[in-house]
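Below: the structure, in C-alpha cells.
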Amino acid sequence: MEKSRAGHAADSSRPDFGRRRFLGYVLAGPTLVAAAKLGVGTGTAEAAVPSAPEVSEAYDLNDLLRDAALPTSGLITVAVNPDGTASFDMPRLECGQGVSTLAAMLISEELSLPLDKINVTLADARPELLFNQFTAGSNTTFSMYTPIRVAAAIAKGQLLKAAGQLLNEQVHRLEPVLGAVRAPDGRELSYGELAKAAAGHEVRQVDVELTPSSNFTVIGTPRNRTDALEAVTGRKQFAMDIKVPDAMPTMVCRPPTIKGTVESVANVAEVRGMPGVTDVATIATGVAVRARTFGQCIDAVRALKVSWNQGTVDGMSDKDVLADLEKAEVPLAVPEVPVLARTVEKKFTFYTRDNAALEPQCAVADVRDGKAEIWAPLQAPILTQQKVAGLLGVPVSAVTVHVTPAGGAFGRKMFSDPVLEAVEASQQMGKPVRLMWHRVDEPRQGRAHPMCTSRIRATYLGNEVLTFEQRHTSVATDYTQGFGEVITNMAGEIPPLGQGNELGYSVPVFHLTVNVPYKFGAVTQLLNEIYEYDRIPSGSMRNLVNPDVRTAQELVVDQLAAEMGKDPYRFRREFADDQRALAVLDKVAEAGQWGRPMAPRTAQGISVHKEYKGAIATLVEIDCRPETVNRKVRDAVTGPRVTKAVVAVDTGLAVNPRGLEAQMQGGLMDGIAQALTSSKHLRNGAFLEASWDNYAYTRQWNAPFDVQIIVMPPTTGQPGGAGEFGVPSAMAAVACAYARATGTMPTSFPINHNDPLFFEPKPYEPPLVQSPTDGLTKY
Amino acid sequence: MPQHTFKLNGEQVTVDVEDDVRLLWVLRDVLDVTGPKYGCGINVCKACTSHINGKAFNPCSVRVTDIEPTDEITTIEGLPGTVGQPLHPMQQAWLDRDVAQCGYCQPGQIMAAVDKVRKARAEGREISDADLDEIRNVCRCGTYTRIREAIRAGAEHM
C-alpha cells in the first residue's frame, strides 16, 4: 500500500507545548525555584518554617516520562492512505483507557478527517523508539498530545500543497473539508486522490502550526470509543482470541507457596497421555501443559504430581510482614514548634491488593528455528522483546512482539512474566503455545500492590497547621520493569538491578508523585521499603502510592479540621494550595450539596487531590446503617454502601470528556474497593484468595446508585493524565465518609480486612480448582 | 471420541470432544466462538455468560455432554439474530451510553442484562435497583454506573 508519509517537523523534538512546557522544562533542574513561586502570597507567614514546595508540584512523573520520550517523539507517524483513510500505528497499549479513541480524535482535529476514517492500531515492539513505547503513569495523552497533532498537521499541509499543484491554485486559497481539499471555485480532490501526489521523496524538515484551541471542533468534545461496536458484538480480539495456527492452549501448574520452584515431577508420561494433552514441560515458574482445550489443561495441571522447593516467604503471614514493617518504620521528627502547639498523630495500615485485570495473563508464542513471534497485551513491549531475546540467546531482531489490546492493565501488564513463560514453553515443546493463567494463579502467584503503613504527625496552633510529616513504609514495590528503564535513562545513576530498586526507583517515584495539596507549614514526606524488590511479587496498581498516601492524609485533615473546629469542606477550602484544587472542591461541594442533613450512620466525605497535572475532588455519601451493612446478597461482600458520588475533575484539557468521565467512574469503583472490601491475606507463605469469589472487588451490589462526574472547563490547555487519577481521591473520600458516619476513624484498609474470613480458602494442591458441572441449574 | 450436537446461534453444530469438557472450551477452543470470555472457570465472574434456550447460564460450568441436541445456545455473536436486527437493543444501548472500556467483560454483561430484563418482564415488572444489584458480572474497569443506565435504556426497546 502506498502512503503519504508526513515529513518530520523541524520542531517536533522541541515541541510547542505552550505554557505547560515552559513549566516543565524550565523547572527540570532547579525545582525548588519554581516551587517557591507557588508559596507566594498564600498567607501562611506564621508557619514554623517556610513551606518548601514538594518536588512533584514543580516536576512530576509526567514530566519525567515525557522528557525521557522527547528525543524520539518525531518517529510517530500518521499515514494518509489512497483509500482516503488515515492510519496511525500507536506505540502505546490500549487497555480500556481509551487512548486509541483519543489518538484518532487528535488526528481527526488536525487532519480535518472524520473519526471513522482513522485507523489506530497498536504498534509492534519498536526498539528504536527507546523509551517512547511505554504505557504507564497515566502518561499517554500527556506525552503524545503534541507529537500526534504535529504529524497529522504536517500530513494535512502536504495534502494541501499537493492539491495546490494539481488544481493549479494557491495553497492558502484551499480549504480542507472532512477528507477532501476544496478550491474557491468548488473543485475538490479527496485525500485518497491526493495521497500519492503528496508523498515525500526524502526526509525533510517541515514547520507546522497547530490548530489553535479556539478553533477546536473535535478536541474537547465528547466522543464514543472507536472500538465500542467490536466490544459489544464480541468481535474485539484479545490475545487469547487471536487465531495463530497450532497455538494450542497451555497452562502452568504452579507451586503452593509464593515463588516456590519445581523440584521434580513424578508423572510426566502419565499426564502426557491424558485426553487432549500434547506436551508437558518444566519451566522456570512451574510445569507447563499444552492441550487441545484449556479445560484439558486444567485436568492435566490437577493430575500432575510435583514436588516443590520452598518459596520466598514460606511460613510468613500478614502479621509477620506487619511486624517487619513496624521494625523498619522511620521515627517521626519532633517538630520545633511553639509549646502551645497541639499534635495530631495517626498510623494507618494498608493491606495487599491484587492488580489483576479481568482478562487473565495471556501470551501467544511461537519459538522455532532461532526466532520468536509473540502476541500479548504489553505496557512495555520493548523491554519484553529484549527479555525474550536474552532468554533465548538470540538477537533482538529475531524477536517480533505484537501488542494486542488489553482487557484491562492496571500496572500488571508492565511485566512480561507470562510472555517469558510462553516463550520457554514454546521453545521446549518446539510448538506454538497460547499460554493463559488460570484465575486462581492470579491472586495466588500474581502481582500485588504491597502492604504498607503510613504515619502522619501534624501540629497546629490557632488557625495554622505548622507541620505535617508523613512516613510511609512499604513492602518493596517492583519498579524494575518499565519505570526502571525511564528513570535509569533520565537519572543515569542507578545502582545494579536488585539492589537499587528502593533508592533508584521507589523513592524517586514516591517523591515525583506524592504531595500534600494544602498550605501546611513544614511538610515532609518520606518512603522506606523492606524486602528485596521481588520477594513478594508486586507492582503498581492503577496509581502508585497515592491511594494510600492520600487516604492517610485526608483522614488526618478531617481530624485537624475537627480539632480546629472547622467543617471538613471549609477547612480544605481555607488550606487548599492552588486555584484548580479550590475550583474542583467548590464544584463537588455545590453539586453534591455538602452539609445537607443526613440520617444517623450515614454521612458525606470529601477529598481533594492533585496529580498528573490536574486537580480532582470527590464527595461521596455512605450508608453505614445496620440494615444496609448487613444486607444479604448471595455469596457477596456487602457492608457499608457508597450511595452517591460526585467527582469534579480538571485535567487541564479534557481531550475526550466522555472518556475522561469513564475513567473517573472506574477510579471511583477502585477507590470504593480499596477502602471497603478488596485485599489479599497472606497466610503461611501464600495468599488465601484464589478467585473473584474471594477477592472482593466492587460489584454491582457495592456500586453507588448515583454517580455524577463533572469535567471542568479547560484550564491549562494541556491534557494531563486520567487513567489512575480518580483512585486516590475516591478512596480518601470514602474513608472520610466512613469515619464521619461511624464516628470512628478507620486505621486499616480495607476496613474489612481483619474481619472473619467471608470465604473458605481453596486448596493449594492441586493448585487449580476444577470447574463445576452444575451450570444448568445454578446461575 | 464422543460426538456432541446442539444448536449454536441458530445453526446445528457437531463436535468431537470428550464428554466432560466444559462448554466454554468447546465454544472457544474447538468452535472458535470467542465472544464468551474466560475470567474464572468457576461460575463467579460471569464473563462467559451466554443463553441456553433463552435463559442466562455460564458455559464454564456445564459439561458438553449435558447439552441436548435440541438445546439452543446463544452467545453474544448470536444475540442480534434473536431479534432479527444487526444489533440487539441492549447492544445499541451499550453503544449509546459508551459503556465499554476494555470491553473484556461486556459480552457477558450484555447477555446477563438481557436475561435480567426478560426475567423481570416475566414477573410482570420493570428492572429495579434491587435487580441491578443482583447482577454478578465483574467489571474490573468499573463501568457499573453506565451498565445500570444502559440496562434501563435497553429495556425500553426490548
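Read top to bottom, the protein sequences are chains F and U. For the first sequence, the numbering used here gives the first residue as 1, with consecutive numbering after it. For the second sequence, the numbering used here gives the first residue as 1001, with consecutive numbering after it. Beta carbons are placed, not taken as given, at the ideal position from N, Cα and C, and that holds for glycine. On a predicted model such as this, the values are computed, not experimentally measured, just so you know.
- [ ] Measuring only between beta-carbons, confirm whether L1008(U) sits less than 9 Å from chain F.
- [x] no
- [ ] Determine the extent of the alpha helix (DSSP H) in which A372(F) is found, giving its start and end residues.
- [x] Counting along the chain, A372(F) falls outside any alpha helix (DSSP H), though it belongs to the beta strand (DSSP E) covering 371-376.
Task: Identified DSSP bridge partners for H201(F) - done: BP columns for H201(F) are empty, so no partner.
Open item on the list: Out of C1141(U), H1004(U), R1140(U), which one is the CA nearest neighbour of D1071(U)?
Closed with: H1004(U)
- [ ] State the CB to CB distance for the pair H472(F) and L544(F), rounded to an integer number of angstroms; the pair is presumed to be in contact (CB under 8 Å).
- [x] Contact flag wrong, Cβ pair sits at about 11 Å.
- [ ] Tell whether a beta-carbon distance below 9 Å holds between P766(F) and R302(F).
- [x] With a cutoff of 9 Å on beta-carbon distance, P766(F) and R302(F) are scored as near each other.
Open item on the list: Going by DSSP, what residue range makes up the alpha helix (DSSP H) through A1113(U)?
Closed with: 1106-1122
- [ ] Under the assumption that N1009(U) contacts E1077(U) (Cβ atoms under 8 Å), give the Cβ distance between them as a whole number of angstroms.
- [x] 6 Å
Open item on the list: Determine, for V1114(U), whether the minimum Cβ-Cβ distance to residues of chain F falls below 9 Å.
Closed with: no
Open item on the list: Can you give me the C-alpha to C-alpha distance between M564(F) and G462(F), rounded to a whole angstrom?
Closed with: Looking at the two C-alpha atoms, the distance is approximately 8 Å.
Open item on the list: Check this for me: beta carbons of I1127(U) and A1155(U), under 9 Å apart or not?
Closed with: yes
- [ ] Could you check the C-alpha separation between M90(F) and R683(F) for me, to the nearest Å?
- [x] 43 Å
TODO: Leaving out five residues on either side along the sequence, give the residues of the same chain with a beta carbon under 6 Å from the beta carbon of V646(F).
DONE: V588, A591, G592, L619, Q708
TODO: Please say whether P704(F) and R641(F) have beta carbons closer to each other than 9 Å?
DONE: Yes; because the gap between Cβ atoms is below 9 Å, this pair is in contact.
TODO: Below 6 Å CB to CB, which residues in the same chain sit around K762(F) once its five sequence neighbours on both sides are set aside?
DONE: A690, V769
Open item on the list: Distance check for G315(F) and Q579(F), CA to CA, integer angstroms please.
Closed with: Spanning the two alpha carbons is a distance of roughly 51 Å.
TODO: Report the residue from K610(F), G595(F), Y612(F), E611(F) whose alpha carbon sits nearest the alpha carbon of Q604(F).
DONE: Comparing Cα-Cα distances from Q604(F) to each of K610(F), G595(F), Y612(F), E611(F), the minimum goes to G595(F).
- [ ] Could you tell me which of H172(F), P184(F), R187(F), Y191(F) sits nearest to L178(F), measuring between CA atoms?
- [x] Y191(F)
- [ ] Classify K431(F) as buried or exposed, calling it buried when 16 or more other Cβ atoms lie within 10 Å of its own Cβ.
- [x] buried
Task: Simplified DSSP state of E188(F), which is helix, strand or coil - done: strand
TODO: Could you spell out the range, first to last residue, of the alpha helix (DSSP H) harbouring Q158(F)?
DONE: 140-167
- [ ] Using three-state DSSP, classify T1065(U) as helix, strand or coil.
- [x] Residue state, collapsed to three classes: helix.
Open item on the list: Among the candidates P728(F), V364(F), A197(F), V339(F), whose CA atom is the shortest distance from the CA of V549(F)?
Closed with: P728(F)
Task: Contact under 9 Å by Cβ, V1013(U) with M1001(U) - done: no
Task: Neighbour list for A1056(U) in chain F, Cβ cutoff strictly below 9 Å - done: Within chain F, the C-beta atoms nearer than 9 Å to that of A1056(U) come from Y779, in chain order.
TODO: Please report how far the alpha carbon of A45(F) lies from the alpha carbon of G521(F), in whole angstroms.
DONE: For A45(F), the predicted model reports a pLDDT of 30, less than 50, meaning its position is unreliable; a value from the coordinates is still stated below. The C-alpha of A45(F) lies about 9 Å from the C-alpha of G521(F).
Task: Burial state of H1088(U) (16 or more Cβ within 10 Å) - done: buried
Open item on the list: Which of the three DSSP states is assigned to D16(F) in this structure?
Closed with: Interpretation of D16(F) is limited by its pLDDT of 38, a score under 50 that renders its predicted location unreliable; the figure taken from the coordinates is listed afterwards. Reduced to three states, the DSSP call for D16(F) is coil.
- [ ] Classify G666(F) as buried or exposed, calling it buried when 16 or more other Cβ atoms lie within 10 Å of its own Cβ.
- [x] buried
TODO: Could you give the DSSP three-state label for K413(F): helix, strand or coil?
DONE: In the structure shown, the three-state DSSP call for K413(F) is helix.
Open item on the list: Using a Cβ-based criterion (distance less than 8 Å to any ligand heavy atom), does R625(F) qualify as near the ligand NAP?
Closed with: The ligand NAP is not part of this structure, which contains no ligands at all.
Open item on the list: So that I know if they touch, is there some Cβ in chain F lying closer than 9 Å to that of G1142(U)?
Closed with: Yes, contact with chain F.
Task: For F468(F), the three-state DSSP class (helix, strand or coil) - done: strand
Open item on the list: Within 10 Å of its beta-carbon, does N139(F) have 16 or more other beta-carbons around it, so buried, or fewer, so exposed?
Closed with: buried
TODO: Quick one: grab the DSSP three-state call for K259(F).
DONE: coil
Open item on the list: Under DSSP, the beta strand (DSSP E) around A79(F) begins and ends at which residues?
Closed with: 78-80
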